[in-house]
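Numbering (this note's numbering), first residue to last: 49 to 108. For every residue, glycine included, the Cβ atom is placed at its ideal position computed from N, Cα and C. Remarks on the structure that follows.
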């Protein structure tokens, strides 16, 4: 299965950049999952989170 790698960042000094690997059969599924994660992170830190797509990692 493919792992889609996303980086989360914000302009806040107390939030370190985070990287998430989302296992999904396709890009649309990965985007739906990462949007859900983004909403949870924004609620946790009370700030806007920027998502950057980094690439695809193939797992065996």
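- Within the same chain, 57 come within 6 Å of residue 98 by CB-CB distance, once the 5 residues on both sides are set aside.
- Taking the C-beta atoms as reference points, residue 107 is found no nearer than 9 Å to residue 67.
- Within the DSSP secondary-structure output, residue 53 pairs in a beta bridge with 69 and 103.
- The three-state reading of DSSP puts residue 98 in strand, counting E and B together.
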